[in-house]
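Below: one structure, written as structure tokens.
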Amino acid sequence: QKEVEQDPGPLSVPEGAIVSLNCTYSNSAFQYFMWYRQYSRKGPELLMYTYSSGNKEDGRFTAQVDKSSKYISLFIRDSQPSDSATYLCAGSEGGKLIFGQGTELSVKP
Amino acid sequence: DAGITQSPRHKVTETGTPVTLRCHQTENHRYMYWYRQDPGHGLRLIHYSYGVKDTDKGEVSDGYSVSRSKTEDFLLTLESATSSQTSVYFCAISDFQRKYNEQFFGPGTRLTVL
């Protein structure tokens, strides 16, 4: 079992939809959780991070962590075609990040 | 890409040949990482470095070696390339000033082993 599991999709939604991206993890040592966004043929870039359990909001994006169920979520409100990318979740342990497989999202105009 | 360059950006090679990928940073970050990215597996850590001449293995280190003789350069070597090492390779850097360990990624090297 991978330490971080993520549905690879692809996920296709119409512009303006609310998008929910999810991951589960098995490593109880993770304290920080990250969401990276990766456009086609580019390197990943950090979108958001959260510490332990709880919510964090940044504009149209909300990250949630539920440590009791080992569940990580990213919500995108009012999705835009420019949000079309692969989204990777990750858990942080010491000096390393453990990534999920990534979910490919397509937002159709 | 946060002052990170990777070279070459594309490479096609044959099975059994040695290959070296280079990562160069201008950020003076202490930590450097090599990942490979494959469909269905996401990003997997190959090796990382926490200082000059200080390196350690990651999740998928077999068949790979690394060297870091200067802060700014981190080399990944495939001693004898195999078709299973066909992948996209990303270098990342971190200064680890933040506990959540934000890593900045380079543009990637697309390697094909025939």
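Sequences listed follow chains H and Z, in order. Last residue of the first sequence? That's 276 in this note's numbering, and every number before it is there in order. Last residue of the second sequence? That's 136 in this note's numbering, and every number before it is there in order. Every residue gets a Cβ at the ideal spot worked out from N, C-alpha and C, and that includes glycine. If you're wondering where the values come from, they're calculated on a predicted model, not measured in any experiment.
Rounded straight-line distance, which links the Cα of residue j to that of residue i
i, j, result
"Gly-226 (chain H)", "Ile-243 (chain H)", "9 Å"
"Gln-56 (chain Z)", "Leu-98 (chain Z)", "Here the sequence assigns Trp to residue 56 (chain Z), which means Gln is not the residue at that position. Cα to Cα, the separation comes out at about 7 Å."
"Arg-50 (chain Z)", "Ile-265 (chain H)", "It should be pointed out that residue 50 (chain Z) corresponds to Asn in this sequence rather than to Arg. Roughly 24 Å between the two C-alpha positions."
"Ser-29 (chain Z)", "Leu-133 (chain Z)", "11 Å"
"Gly-38 (chain Z)", "Asp-233 (chain H)", "47 Å"
"His-69 (chain Z)", "Pro-175 (chain H)", "25 Å"
"Thr-108 (chain Z)", "Tyr-199 (chain H)", "31 Å"
"Gly-269 (chain H)", "Pro-40 (chain Z)", "30 Å"
"Thr-217 (chain H)", "Tyr-203 (chain H)", "12 Å"
"Asn-139 (chain Z)", "Phe-197 (chain H)", "Outside the shown range of chain Z (23 to 136) lies residue 139 (chain Z), about which nothing can therefore be said."
"Asp-76 (chain Z)", "Met-54 (chain Z)", "10 Å"
"Ser-220 (chain H)", "Ser-102 (chain Z)", "45 Å"
"Leu-213 (chain H)", "Tyr-206 (chain H)", "12 Å"
"Gly-73 (chain Z)", "Phe-118 (chain Z)", "12 Å"
Residue i - partner residues in DSSP beta bridges
i, result
"Asp-60 (chain Z)", "Z:Gly-64"
"Thr-37 (chain Z)", "According to DSSP, Thr-37 (chain Z) bridges with nothing at all."
"Asn-222 (chain H)", "H:Gln-231"
"Tyr-254 (chain H)", "H:Arg-204 and H:Thr-270"
"Tyr-53 (chain Z)", "Z:Ser-116"
"Arg-44 (chain Z)", "Z:Ser-29 and Z:Leu-97"
"Ile-185 (chain H)", "In the DSSP output, where bridge partners are listed per residue, Ile-185 (chain H) has none listed."
"Glu-170 (chain H)", "For Glu-170 (chain H), which the question treats as bridged, DSSP gives no partner whatsoever."
"Ser-87 (chain Z)", "Z:Thr-99"
"Tyr-70 (chain Z)", "Z:Tyr-55 and Z:Asp-78"
"Thr-134 (chain Z)", "Z:Val-34"
Do the region 254 to 271 of chain H and the region 185 to 195 of chain H touch if we need at least three Cβ pairs shorter than 8 Å?
yes
What are the complete alpha helix (DSSP H) segments, minimum 4 residues, inside the region 192 to 220 of chain H?
none
Using 8 Å as the cut-off, can you tell me whether the region 263 to 276 of chain H makes contact with the region 177 to 186 of chain H, which would need three or more C-beta pairs spanning the two stretches below that distance?
yes
Quick one: any contact between the region 125 to 135 of chain Z and the region 100 to 113 of chain Z, if contact means 3 or more CB pairs under 8 Å?
yes
Is the region 229 to 248 of chain H touching the region 83 to 91 of chain Z in the sense that three or more CB pairs, one from each, lie closer than 8 Å?
no
Closer than 7 Å, Cβ to Cβ, to anything on chain Z: give me those residues from the region 242 to 266 of chain H, in chain order.
Leu-255, Ser-259, Gly-262, Lys-263, Leu-264 and Phe-266
Could you run through the region 204 to 217 of chain H and flag, in chain order, every residue whose CB is less than 9 Å away from some CB of chain Z?
Gln-205, Arg-208, Lys-209, Gly-210, Pro-211, Glu-212, Leu-213, Tyr-216 and Thr-217
Report the residues of the region 60 to 72 of chain Z with a CB closer than 9 Å to any CB of chain H, ordered along the chain.
Pro-61, Gly-62, His-63, Gly-64, Leu-65, Arg-66, Leu-67, Tyr-70 and Tyr-72
Taking only beta carbons into account, state which residues of the region 31 to 60 of chain Z come closer than 9 Å to chain H, listed in chain order.
Tyr-53, Tyr-55, Tyr-57 and Gln-59
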